[in-house]
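First up is the structure itself, then whatever we jot down about it.
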Amino acid sequence: MNKILCNRLEFCFLHEVDVTYPGTCKLKNGYKFHYLPTDEVELTISNKISDPGALKTETVKIKTGADCAFLTRIPTARVILVLTTSENEKYIVGSTQYPATYTYQEKIPVTEITFTANS
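Using our numbering, read the sequence shown as starting at 48 and increasing by one per residue.
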């Protein structure tokens with residue numbers, strides 16, 4: 048991705064999703080995206096080719112000083128991320144078939160969260 052990512056991360060839990068299409072994620076009625084303010088966002092995309100086929104891995108690392116209790120209480124949750132570029136374009140990480148999972152480290156006053164989606 049040759050675009051600059053904004054320090055804005057929105058996400059939804061998999062059970063809130065109605066359908067995903069390339070570049071968009073539609074939520075079920077009554078749900079809205081969760082906003083997580085970030086101090087730093089880093090996106091890494093890697094592709095591996097092997098006999099069974101291609102594997103694309105998208106990793107998003109963030110640092111935030113925001114309260115992440117709603118995420119850290121559900122450490123096995125599957126999510127879909129929406130990243131915003133400086134041109135106000137949306138970049139979706141994860142899908143209903145291949146949602147992102149996450150790990151986190153709480154380091155007062157900053158929490159580091161790593162989201163990973165494989166497809």
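Built from N, CA and C at the ideal position, the CB exists for glycine as well.
Asked                                                                                                                                                 : Found
Give me whichever residues DSSP pairs with residue 81 in a beta bridge.                                                                               : 58
Which residues mark the beginning and the end of the beta strand (DSSP E) in which residue 152 is found?                                              : 148-154
Residue 155 to residue 98, Cα distance in whole Å?                                                                                                    : 44 Å
State the beta-bridge partners of residue 166 as determined by DSSP.                                                                                  : The partner list for residue 166 (beta bridge, DSSP) is empty, contrary to what the question assumes.
If we ignore side chains and look at the alpha-carbon of each, how far apart do residue 51 and residue 66 end up?                                     : 27 Å
Hey, how far is the Cα of residue 78 from the Cα of residue 71?                                                                                       : 15 Å
Assuming residue 116 and residue 60 make a contact with CB atoms under 8 Å, what is their CB distance in whole Å?                                     : That pair is no contact at about 15 Å.
So which of 153, 106, 85, 128 has the shortest CA-CA distance to residue 165?                                                                         : 106
Excluding five sequence neighbours on each side, which residues of the same chain lie with their C-beta closer than 7 Å to the C-beta of residue 113? : 83, 84
What distance in whole Å lies between the Cβ atoms of residue 86 and residue 110, which are believed to be in contact at a cut-off of 8 Å?            : 5 Å
Using CA coordinates, which residue listed in 158, 126, 88 is at the minimum distance from residue 74?                                                : 126
Taking 6 Å as the limit between beta carbons, can you name the residues of its chain near residue 55, skipping five residues before and five after?   : 131
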